[in-house]
Amino acid sequence: MKRLLMFFCFMVVGWSLAQTSSVEQNFTKKEVYIPMRDGTKLFTIIYIPKDISKSNKYPIIMNRTCYSVAPYGETNFRKKLSPNPFIEKEKYIFVFQDVRGRYMSEGTFTNMTPQVDHKTKKDVDESTDTYDTVDWLVKNVQNNNGKVGQYGTSYPGFYTAVGTLANHPALVASSPQAPISDFWFDDFHHNGAFLMSYFKTFPVFGVQKTKPEKESWFADKMIKPTSDDGYLFYKNMGTLKEGVDKYYKDNFFMQEVVNHPNYDDFWKKRDLLPHLRNISHAVMTVGGWFDAEDLRGPLEIYKTIEKNNPKAKNTIVMGPFSHGGWNVEAGKHFHNDIYFGDSLATFYQKNIEQPFFHHYLKEDSRTAAKLPEAYMFDTGKKEWKQFDDWPPKQTEKRTYYMNSTGNLSVKGDNPKTFSVYVSDPNRPVLSSENYKDMNNFTPKNYMSEDQRFASYRSDVVTYTTEVLENDMTLAGEILTKLKIASSSTDADFIVKLIDVYPADEKANPDKPVVVYANYHQLVRSEIMPARFRNSFEKPEPLIPNKGVTIDVKLQDVLHTFKKGHKIQIQVQSTWFPLMAINPQKFLENPYLATKDDYERAEIKVSSGSTIEFEVLK
């Protein structure tokens, strides 16, 4: 009987431990309000390893977020303390903070808080909040080792990037991941063109709380899907003006967007890039080649730090991921229809991210970690590559011409010849055929989607090379120079770089319904409003039927167009519902356009139009 009782007790204890998460077993949780220099207190949660001691000290790794640090309450524990299991397993002091104005923190929330370069003792911004937080932590969390790292993905990536400017001596490692650098060129706009696909996100960013909140106070303002066909919402909404009037009259962020249609001081103050100076610690910026939200941010933040901060240990990582995809292991890694390999998130977490933080926080932060300058994934060959520079120096520039015959060639046609299409705002070109994806926070699958559906339309002009006789690896920046003439006074220009697969491309058993033969994989794309062709600050109308040049800069690529494939360019002027409809009539404020302002436009693309890119030697 005694043995049976002991066995039962062991079983109960074992069951009880099984119900307790490993986080609760190994960490003590504390909740504190950390005072900032202006008196505002920021709510902060600290998870401290239970085996910490004077002889077993731990570094601090911090995440500052506008998206809540829940669960709240010192007896409620997270299931995971890091997206990276290798980092969590080796233990750190994990810190999570609600930024000012969000959830349980005091203060007023500001989108992309303007950075103050010349600070007085009373000036505050996100870098001073970072400094004050780091300073409090190293002074008040017992038995920390005096080193702090920070990371964050998406908006928290911005807080990490701007946090690099804190210049606190204890801050030795920062990893901005999918960071925003500027809402005018990333996230809510692309080159000033409004992302209609972000329309449903505005309650998250445009409703102030009036008291401390543990739940999402803006939840009742969110627009719920009305159908699995996400296109129907945008089709039935009408113009952007009608949508704003119906849903967002009281949304402070949407009203700021509508009232600042040009790149004025409001937006310039929210551009982080000019401030990225005097950074001397280690920075590893991470992004995804198929990130539909923040592709520009990682590339530009890395390049700016590299240019302005010679003392910084600066690294960039770009993988075949959508937004934050490196944080979740998918097993067989697909983006939309395209397979890129197995366990790619685990590879990044184990071989790149964990060594980065381990070296700088637990080893010698004064020496560089054993990581390349650029750890980049070739999305054509589907393999990781390492470079000493990004963009790599071992390239040669190529220029291809968009000939009126539909050929994309190194030899130009008669520049007086042209391709013609008619763009009608009332019949826009779809941005995707994935209608369910249009219900998401922002659609993500279009970034590598098959573009055959667009190539069949008369309002899309297409230019294609001959079959490639050898592999061609594009590495770095891409610039398209469109020489156009339009019958309208305004228009958008969308350029898409496409990898056309061979007609005998084999099927993938994991995607049996997908026809990979002649698949038109989108590799890179971008939009440029003609109104901003000369200046983002001072828009100018087109003169009907007068030739002008529209420069469309596409974000960087590392993509091998394989032997037997073709390179294709598609040019169009609508891209809906990803982007808001351009009425094609010049207006001082296009956000106020009505259906009466919509105009069809005949657009000519001269054979003198080119695309320039770098080819890896």
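Residue numbers (the working numbering): 4 to 620. Ideal placement from N, C-alpha and C gives every residue a C-beta, glycine not left out.
Bounds of the alpha helix (DSSP H) holding Glu27 are Ser25 to Asn29.
Around the beta carbon of Ala510, a 10 Å sphere encloses fewer than 16 other beta carbons of the protein chains shown; the residue is thus reported as exposed. Here Glu529 is buried, its C-beta having at least 16 other C-beta atoms within 10 Å. Contact between Tyr363 and Gly152 holds: CB atoms are separated by about 7 Å, below the 8 Å threshold.
A residue is called buried when at least 16 other Cβ atoms come within 10 angstroms of its Cβ; Ser451 meets this threshold and is buried.
In this model, Leu500 and Lys238 are separated by some 27 Å (Cα to Cα). Judged by beta-carbon spacing, Gly290 lies beyond the 8 Å limit of Met240, meaning their Cβ atoms are not closer than that value. Here the stretch 192–201 makes no contact with the stretch 101–118; the two share fewer than three CB pairs at distances below 8 Å.
Fewer than three pairs of CB atoms, one per stretch, sit closer than 8 Å, so the stretch 510–520 makes no contact with the stretch 481–490. If you look at Gln575, you'll find it in the beta strand (DSSP E) that goes Lys569 to Gln575. Distances from the alpha-carbon of Pro358 to those of Ile226, Ser71, Glu93 and Asp138 put Glu93 closest. For Phe421, the enclosing beta strand (DSSP E) has its first and last residue at Phe421 to Ser426. Note on geometry: alpha-carbon atoms of Asn473 and Thr563 lie some 10 Å from one another. The straight-line gap separating the alpha-carbon atoms of Trp292 and Gln397 is approximately 21 Å. By the Cβ neighbour-count rule, Gln28 is exposed, with fewer than 16 other Cβ atoms within 10 Å of its own. Approximately 20 Å separates the beta-carbon atoms of Ala181 and Asp101; this is outside 8 Å, ruling out the contact. For the set Asn114, Tyr403, Thr467 and Gln118, the Cα lying nearest the Cα of Leu276 is the one of Gln118.
Closest option to Ala371, judged by alpha-carbon separation, among Tyr449, Ser426 and Met287: Met287. With fewer than 16 other Cβ atoms from the protein chains shown falling within 10 Å of its own Cβ, Asp391 counts as exposed. According to the DSSP assignment, Ser130 belongs to the alpha helix (DSSP H) that extends over Glu129 to Asn143.
Note on the stretch 448–531: whole alpha helix (DSSP H) runs with a minimum of 4 residues are 455–458, in chain order. Taking C-beta atoms as the reference points, Thr577 and Pro431 count as a pair closer than 8 Å.
For Gly149, the closest alpha carbon among the candidates Asp340, Leu561, Asp231 and Ser368 is that of Ser368. Annotation note: the stretch 148–224 contains the following uninterrupted beta strand (DSSP E) runs of length 3 or greater, listed N- to C-terminal: 174–180. Around the beta-carbon of Ser24, fewer than 16 other beta-carbon atoms lie within 10 Å, marking it exposed. In the pairwise beta carbon analysis, the stretch 76–83 is classified as not touching the stretch 111–125: fewer than three pairs are separated by under 8 Å. Per the C-alpha coordinates, the member of Leu557, Ile308 and Tyr36 positioned closest to Glu615 is Leu557. Taken atom to atom, the span from the alpha-carbon of Lys122 to that of Glu259 is near 26 Å.
In the three-state reduction of the DSSP assignment, Thr349 falls in the helix class, which pools H, G and I. The alpha-carbon of His278 is positioned some 11 Å away from that of Lys271. Between Gly550 and Gln575, the alpha-carbon positions lie close to 17 Å from each other.
When the alpha-carbon of Asp600 is set against those of Met531, Arg536, Val618 and Ala494, the nearest one is in Ala494. If the five residues before and after Leu140 are omitted, its C-beta is found closer than 6 Å to the C-beta atoms of Ile63, all from its own chain and listed in chain order. The three-state reading of DSSP puts Tyr594 in helix, counting H, G and I together. Contact check for Ile37 and Thr136: beta-carbon distance about 6 Å, within the 8 Å limit, so the pair qualifies. Counting the other CB atoms within 10 Å of its CB gives Lys57 a total below 16, which places it among the exposed residues.
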